[in-house]
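Enquirer: Mind looking over this structure? Questions follow.
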Amino acid sequence: MAPSSSIQFIETAFSCTTPFALSYSDPDQKWIIRQHLVSLLQYYPSFRLSSDRFTHNNGTTVNLLNVTGSVRLSHSMPSIPLIIWLHENYPNEPPLVFVSPDPTNSIHRNHAFVDSSGATVTPYIIAWQYPSSNLSDLVRNMFKLFSRDHPFAYSSASGFTHPSLVSKREAIDRLTGMLHYDVAVFQANAQSEIEELSVLQEELRRRVVITDGMITGLDEERGELKQRVKELTKEAHMLANWVRVNDPKSIVTGMNGTGDGGVEEAFEAIDGESQVVLDSSATDLAIDDTMYALDRALENGVLGFDFYIKQVRSLAREQFYYRAQTCSITPR
Numbered sequence: 001m002a003p004s005s006s007i008q009f010i011e012t013a014f015s016c017t018t019p020f021a022l023s024y025s026d027p028d029q030k031w032i033i034r035q036h037l038v039s040l041l042q043y044y045p046s047f048r049l050s051s052d053r054f055t056h057n058n059g060t061t062v063n064l065l066n067v068t069g070s071v072r073l074s075h076s077m078p079s080i081p082l083i084i085w086l087h088e089n090y091p092n093e094p095p096l097v098f099v100s101p102d103p104t105n106s107i108h109r110n111h112a113f114v115d116s117s118g119a120t121v122t123p124y125i126i127a128w129q130y131p132s133s134n135l136s137d138l139v140r141n142m143f144k145l146f147s148r149d150h151p152f153a154y155s156s157a158s159g160f161t162h163p164s165l166v167s168k169r170e171a172i173d174r175l176t177g178m179l180h181y182d183v184a185v186f187q188a189n190a191q192s193e194i195e196e197l198s199v200l201q202e203e204l205r206r207r208v209v210i211t212d213g214m215i216t217g218l219d220e221e222r223g224e225l226k227q228r229v230k231e232l233t234k235e236a237h238m239l240a241n242w243v244r245v246n247d248p249k250s251i252v253t254g255m256n257g258t259g260d261g262g263v264e265e266a267f268e269a270i271d272g273e274s275q276v277v278l279d280s281s282a283t284d285l286a287i288d289d290t291m292y293a294l295d296r297a298l299e300n301g302v303l304g305f306d307f308y309i310k311q312v313r314s315l316a317r318e319q320f321y322y323r324a325q326t327c328s329i330t331p332r
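Laid out in structure tokens, this is it:
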């Protein structure tokens, strides 16, 4: 049975007509509240009744009854201080439940049913429906929930997976807790991936800027090269015109198809002996180049030594002939 002092407090609070009068106007509502409070205090006599002003999230201020008490689940865990406010539309509206954290015990991050301010929303409160819902069953339900997921000690989805036969209400509570922590893990992983992708996105943006700069530089360089080609082409035409005007028999005439000699006409000998000297000197230099190429091929292992010696001897004899021919014609 509830303490007589608590019953007297309820009667006195409902009969108050001062500015601090409670915000419960309907007599039937007051009778239901009285019954629910008496029933709660019979099961949990350590809870205490009080009344005070309560401010809703929309700024509305009302005078409400509240019940305060601590829930201890085990000797190894800290007790859980609760304050339960009876809404001005109770029992049609569910009570407002809060866990009161203290400096030594803070609510752990991402709790399934209690936020950082202490506001508590359980499946029982969400599905509240009078007359099947009442204060005593609410507190008993919170006992079960907090025994698996203590507000001051981190738990996980595994705390809700104990294989046992449970009621429909407890099954809903367990499923809600499991889903909450599974979603929390998923959100944490997704956030980590988003951060990694954001870093990658910034790196790709930086590379795009660098690539755009390189493309712009190449476009400018291509434009400069085109301009340079135009200038060189113009200068070549000017030079060709100058040579054509000043030396009609030059190499340009041959290259343009107006002569028969081509490049060779740029170097004409004055007589037959000079032509022989010119040809011999050219052949001599060509043999030197060939011997140099053979030396490089031998060093790189492209030619065998026997083949190299054979070719060098042959070229040396030929070179000796042309040098002798040049010496016989050139005056000493």
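Under UniProt numbering, the first residue of the sequence shown is numbered 1, with each subsequent residue one higher. We treat Cβ as the ideally placed atom computed from N, Cα and C, and that holds for glycine.
1) For Val263 and Asp295, what's the separation of their Cα atoms in angstroms?
2) Is the beta carbon of Thr216 closer than 8 Å to that of Val277?
3) Does the count of Cβ pairs from the region 96 to 115 and the region 32 to 44 closer than 8 Å reach three?
4) On a Cα-Cα basis, can you pick out the residue from Tyr308, Pro131, Phe186 that is closest to Glu93?
5) Tell me where the alpha helix (DSSP H) around Ser274 begins and ends.
6) Going by C-alpha distance, which of Tyr321, Tyr292, Leu82 is nearest Ser46?
7) Assuming contact is defined by CB atoms lying nearer than 8 Å, are Leu73 and His150 in contact in what I supplied?
8) Can the beta-carbon of Tyr308 be found less than 8 Å from the beta-carbon of Ser280?
9) Just to confirm my understanding: we take Gly69, look at its own chain, exclude 5 residues before and 5 after, and list those with CB closer than 8 Å. What are they?
10) How is Asn110 classed by DSSP in three states: helix, strand or coil?
11) Can you tell which of Leu200, Val312, Val183, Ile329 has its C-alpha closest to the C-alpha of Gln275?
12) Scan the UniProt domain "UEV" (14 to 156) and note each continuous beta strand (DSSP E) run of 3 residues or more that stays entirely inside, going in chain order.
13) Can you have a look at Thr233 and say buried or exposed, based on whether 16 or more other CB atoms are within 10 angstroms of its CB?
14) For Phe320 and Arg228, what's the separation of their Cα atoms in angstroms?
15) Using the three-state DSSP reduction, which class does Val302 fall into: helix, strand or coil?
16) For a quick check, are the C-beta atoms of Asn63 and Phe20 less than 8 Å apart?
17) Where does Pro292 land, buried or exposed, given buried means 16+ other C-beta within 10 angstroms?
18) Would you call Ile210 buried or exposed, if buried means 16 or more other Cβ atoms sit within 10 Å of its Cβ?
19) Rounded to the nearest angstrom, what separates Cys16 and Asn58 at their Cα positions?
20) At the level of alpha carbons, what is the spacing between Ile126 and Asp137?
21) Return the residue from the list Ser4, Phe9, Leu65, Asp28 that minimises the CA-CA distance to Leu22.
Expert: Well, looking at it:
1) Because the pLDDT at Val263 is just 49, under 50, the model does not fix this residue reliably, and the point stays unresolved.
2) no
3) no
4) Pro131
5) 272 to 299
6) Leu82
7) yes
8) no
9) Tyr44, Ser46, Phe47, Arg48, Pro81, Leu82
10) coil
11) Ile329
12) 48 to 55, 61 to 71, 80 to 85, 96 to 99
13) exposed
14) 48 Å
15) coil
16) yes
17) Residue identity differs from the one stated: residue 292 is Tyr in this sequence, not Pro. Its Cβ having fewer than 16 others within 10 Å, Tyr292 is exposed.
18) exposed
19) 26 Å
20) 14 Å
21) Leu65
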